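Participant: Protein chains in written order, with numbering that gives the first Met the number 0: chain A, 0 to 212; chain B, 0 to 212.
2 protein chains.
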Amino acid sequence: MARAENVPAAAVQRLSLYLRQLDFFQAHNRRTISSRQLGDPLGISDAQVRKDLAHFGQFGQAGVGYRVSELGPRLRQILGTDKTAPVVLVGFGNLGRALGAYHGFDKRGFEVAAVFDADPKKVGQSVPGIESARIRPMSDLPKVVAERDVRLGILAVPATAAQAAAETMVAAGIRGILNFAPVTLHVDADVAVASVDLAVQLEQLSFQIAGQA
Amino acid sequence: MARAENVPAAAVQRLSLYLRQLDFFQAHNRRTISSRQLGDPLGISDAQVRKDLAHFGQFGQAGVGYRVSELGPRLRQILGTDKTAPVVLVGFGNLGRALGAYHGFDKRGFEVAAVFDADPKKVGQSVPGIESARIRPMSDLPKVVAERDVRLGILAVPATAAQAAAETMVAAGIRGILNFAPVTLHVDADVAVASVDLAVQLEQLSFQIAGQA
DNA sequence: CTATGTGAACAGCTTCACAGCG
DNA sequence: CGCTGTGAAGCTGTTCACATAG
Numbered sequence: 000m001a002r003a004e005n006v007p008a009a010a011v012q013r014l015s016l017y018l019r020q021l022d023f024f025q026a027h028n029r030r031t032i033s034s035r036q037l038g039d040p041l042g043i044s045d046a047q048v049r050k051d052l053a054h055f056g057q058f059g060q061a062g063v064g065y066r067v068s069e070l071g072p073r074l075r076q077i078l079g080t081d082k083t084a085p086v087v088l089v090g091f092g093n094l095g096r097a098l099g100a101y102h103g104f105d106k107r108g109f110e111v112a113a114v115f116d117a118d119p120k121k122v123g124q125s126v127p128g129i130e131s132a133r134i135r136p137m138s139d140l141p142k143v144v145a146e147r148d149v150r151l152g153i154l155a156v157p158a159t160a161a162q163a164a165a166e167t168m169v170a171a172g173i174r175g176i177l178n179f180a181p182v183t184l185h186v187d188a189d190v191a192v193a194s195v196d197l198a199v200q201l202e203q204l205s206f207q208i209a210g211q212a
Numbered sequence: 000m001a002r003a004e005n006v007p008a009a010a011v012q013r014l015s016l017y018l019r020q021l022d023f024f025q026a027h028n029r030r031t032i033s034s035r036q037l038g039d040p041l042g043i044s045d046a047q048v049r050k051d052l053a054h055f056g057q058f059g060q061a062g063v064g065y066r067v068s069e070l071g072p073r074l075r076q077i078l079g080t081d082k083t084a085p086v087v088l089v090g091f092g093n094l095g096r097a098l099g100a101y102h103g104f105d106k107r108g109f110e111v112a113a114v115f116d117a118d119p120k121k122v123g124q125s126v127p128g129i130e131s132a133r134i135r136p137m138s139d140l141p142k143v144v145a146e147r148d149v150r151l152g153i154l155a156v157p158a159t160a161a162q163a164a165a166e167t168m169v170a171a172g173i174r175g176i177l178n179f180a181p182v183t184l185h186v187d188a189d190v191a192v193a194s195v196d197l198a199v200q201l202e203q204l205s206f207q208i209a210g211q212a
């Protein structure tokens, strides 16, 4: 396989979608699927599916397609989610609360290992959805990250606090940040950042439907 | 100006970022900014900024740059967020509750006008964060959409209920859906869909940091 | 005969570089 | 001179089409 540098980010994004679709097929006891059958429900062409997978090796069988029970685990391995990864959640406001209780992460190989907040009034409170967990102070971050070898963090603090919180996370050893604050984070190039700005998403929709009746 | 078809989706996405940055500069009483000053904090090249804006007209002044107080409103107009737009929220689970109480939409020209849920036990409950609002049954959707001329909807229901809920929304008149369920929605081509799959985002980060120490 | 893997053609986006304006 | 606006060049990603394998 190739843990290549030349893989388009868009291709990796699609890998996640293939995995999602694959889980669906597996749940329906499907043994094999063709690139077309895999891509169609996702709105992705068969050629695109094959090219994307080809970046990482040859998983298919000519004339047959891909074995569902093989490709799924293979994709998880490529994405690095074949083993459950602990994730820290920083910020327990509205959004943080929802993310802590969200049960979509677990199924995909992520586990919220601990929750942090800078507000002393929140520290010590229990965390709905994560049994026996309590909100911890930011100062506990380095210890938890080191002890549990945490690589990923979810950042759900207000915009004004985001950059400082991100720096604290990086200093604690976090290597990838999923950022929900509407700001661009500036961190070392070797730290991965993915940002989700909900208002930006709505603006994209607003633009797309503008000019219609 | 050109409400052109040839505008790359990526360019529109960046428009949102420019607007965000512009708001920041305005808050700091900046009068004019160059394409470089606008792009740098976002990690976007000056040429890219100019090209993106050029899709919609000529807003700059050679030798000076862009007038902050002009460009902001102009971008809002292009994105269709110059007037506050009502948005319906469908699904009041963990995520829906957070989104309803999220105060990041308001500042960007969106207002959660009403909240819906299919669960009869939830219908009638009050909505924290939106005063005097109560959760409504899905059957109220068409009426509310028509009365308030709602175009956009946020979909925050479980994966298994998402497609059906989306269809209900489209039938009620919704033209754009911000989808948080981890499934690909199949709707008419003239309905815009933006999807945010939180697990997918974490997988992207996981991939990026894989292979590091 | 079906479906993969892939080089080659194509398309689209981004960067470059510069003419021209204030 | 600084900075925009923009053709032209360069590059990256997607689609096409086919040789090949089962």
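Note that the Cβ used here is the ideal one computed from N, Cα and C, for glycine as well. Just so it is clear, the structure is predicted and the values come from calculations on it, not from any experiment.
Using Cβ-Cβ distances below 7 Å, what residues of the segment 103–136 of chain A are close to chain B?
Facilitator: Cβ contacts with chain B come from Gly103, Phe104, Arg107 and Phe109.
Participant: Taking the alpha helix (DSSP H) that Glu221 of chain A falls in, what are its first and last residues?
Facilitator: This structure leaves residue 221 of chain A out entirely; chain A is present only between 0 and 212.
Participant: Where does Asn28 of chain B land, buried or exposed, given buried means 16+ other C-beta within 10 angstroms?
Facilitator: The count along the second sequence starts at 1 and reaches residue 28 of chain B at position 29. Classification of Asn28 of chain B: exposed, given that the 10 Å Cβ count is below 16.
Participant: Spatial neighbours of Gln124 of chain B within its chain, please: C-beta separation below 6 Å, excluding the five flanking residues on both sides.
Facilitator: The count along the second sequence starts at 1 and reaches residue 124 of chain B at position 125. The answer, listed in chain order, is Ile134.
Participant: On the criterion of 16 or more Cβ atoms from any shown chain inside 10 Å, does Thr258 of chain B qualify as buried, or is it exposed?
Facilitator: Here chain B has residues from 0 to 212 only, and residue 258 of chain B is not among them.
Participant: Among the candidates A:Ile176, A:Lys121, A:Pro85 and A:Ala160, whose CA atom is the shortest distance from the CA of Val144 of chain A?
Facilitator: Locating residue 144 of chain A in the first sequence gives position 145, where the first residue counts as 1. Taking only the C-alpha atoms, the option nearest Val144 of chain A is A:Pro85.
Participant: Could you pull the start and end residues of the alpha helix (DSSP H) that Leu204 of chain B belongs to?
Facilitator: Here residue 204 of chain B corresponds to residue number 205 of the second sequence, with the count starting at 1. Leu197 to Ile208 is the span of the alpha helix (DSSP H), which, as asked, contains Leu204 of chain B.
Participant: Return helix, strand or coil for Thr31 of chain B, following the three-state DSSP convention.
Facilitator: The count along the second sequence starts at 1 and reaches residue 31 of chain B at position 32. Looking at Thr31 of chain B - three-state DSSP - the assignment turns out to be strand.
Participant: Quick check on the DSSP output: the beta strand (DSSP E) that includes Asn178 of chain B runs from which residue to which?
Facilitator: Your numbering for residue 178 of chain B matches position 179 in the second sequence. Note, Asn178 of chain B: beta strand (DSSP E), Gly175 to Asn178.
Participant: Near Gln35 of chain B, what residues of its chain come up, given a Cβ to Cβ distance below 6 Å and the 5 sequence neighbours on each side ignored?
Facilitator: Residue 35 of chain B sits at position 36 when you count from the first residue of the second sequence. In the sequence under discussion, the amino acid at residue 35 of chain B is Arg, which differs from the Gln named in the question. Correct list, in chain order: Asp45.
Participant: Determine the closest residue to Leu154 of chain A out of A:Tyr101, A:Arg30, A:Val190 and A:Gly95, with distance taken between C-alpha atoms.
Facilitator: As a first step, residue 154 of chain A must be located in the first sequence, where it is residue number 155. The residue with the shortest Cα to Cα distance from Leu154 of chain A is A:Gly95.
Participant: Flag this pair as yes or no: are the beta carbons of Gly99 of chain A and Val114 of chain A separated by less than 8 Å?
Facilitator: Counting from 1 along the first sequence, the entry for residue 99 of chain A is found at position 100. Counting from 1 along the first sequence, the entry for residue 114 of chain A is found at position 115. In this structure, Val114 of chain A lies closer than 8 Å to Gly99 of chain A by Cβ.
Participant: Tell me, to the nearest whole angstrom, how far the beta carbon of Leu70 of chain A is from that of Phe58 of chain A; I am working on the premise that it is less than 8 Å.
Facilitator: Walking along the first sequence from the start, residue 70 of chain A turns up at place 71. Walking along the first sequence from the start, residue 58 of chain A turns up at place 59. That belief holds up - the Cβ atoms of Leu70 of chain A and Phe58 of chain A are roughly 6 Å apart, short of 8 Å.
Participant: Select from A:Phe91, A:Asp51 and A:Val190 the residue whose C-alpha is nearest the C-alpha of Gly128 of chain A.
Facilitator: Locating residue 128 of chain A in the first sequence gives position 129, counting from the first residue. Residue A:Phe91 is the option with its Cα nearest to Gly128 of chain A.
Participant: Indicate whether the contact test is met: 3 or more Cβ pairs, each with one atom in the segment 185–192 of chain B and one in the segment 185–202 of chain A, closer than 8 Å.
Facilitator: Contact between the segment 185–192 of chain B and the segment 185–202 of chain A is absent, because fewer than three Cβ pairs lie under 8 Å.
Participant: Going by CA-CA distance only, name the one from A:Asp116, A:Val122 and A:Thr80 that's closest to Asp105 of chain A.
Facilitator: The sequence position of residue 105 of chain A within the first sequence is 106, counting from 1. Looking at the Cα atoms, A:Thr80 is the closest of the given residues.
Participant: How is Arg19 of chain B classed by DSSP in three states: helix, strand or coil?
Facilitator: Residue mapping note: residue 19 of chain B aligns to position 20 of the second sequence, counting from 1. Three-state result, Arg19 of chain B: helix.
Participant: For my contact list, Leu52 of chain B and Leu18 of chain B are in at a C-beta cut-off of 8 Å; report their separation, rounded to the angstrom.
Facilitator: Here the question's residue 52 of chain B lines up with position 53 in the second sequence. Here the question's residue 18 of chain B lines up with position 19 in the second sequence. No, Leu52 of chain B and Leu18 of chain B are not in contact; Cβ-Cβ is about 11 Å, not under 8 Å.
Participant: Along the segment 179–194 of chain A, what residues have a CB closer than 7 Å to any CB found in chain B?
Facilitator: Per Cβ criterion, the list reads Pro181, Thr183, Ala191 and Ala193.
Participant: Name the DSSP bridge partner or partners of Ala84 of chain A?
Facilitator: Taking the first sequence and counting its residues from 1, the one referred to as residue 84 of chain A is at position 85. For Ala84 of chain A, which the question treats as bridged, DSSP gives the partners A:Phe109.
Participant: Our contact map puts Val149 of chain A next to Ala180 of chain A with C-beta atoms below 8 Å; I'd like the distance itself, whole angstroms only.
Facilitator: Taking the first sequence and counting its residues from 1, the one referred to as residue 149 of chain A is at position 150. Taking the first sequence and counting its residues from 1, the one referred to as residue 180 of chain A is at position 181. With a Cβ gap of about 20 Å, Val149 of chain A and Ala180 of chain A do not count as contacting.
Participant: Does the beta-carbon of Arg13 of chain B have 16 or more other beta-carbons within 10 angstroms, so that it is buried, or is it exposed?
Facilitator: Within the second sequence, the letter at position 14 stands for residue 13 of chain B. Its Cβ being crowded by 16 or more others within 10 Å, Arg13 of chain B is buried.
Participant: Check the Cβ-Cβ distances between Phe91 of chain B and every residue of chain A, and say whether any is below 8 Å.
Facilitator: As a working note, residue 91 of chain B is residue 92 in the second sequence. Chain A, which has no Cβ nearer than 8 Å to the Cβ of Phe91 of chain B, makes this no.
Participant: For Gly215 of chain B, which residues from the same chain have a beta carbon less than 8 Å from its beta carbon, with the 5 sequence-adjacent residues on both sides left out?
Facilitator: For residue 215 of chain B there is no data in the structure shown, the boundaries of chain B being 0 and 212.
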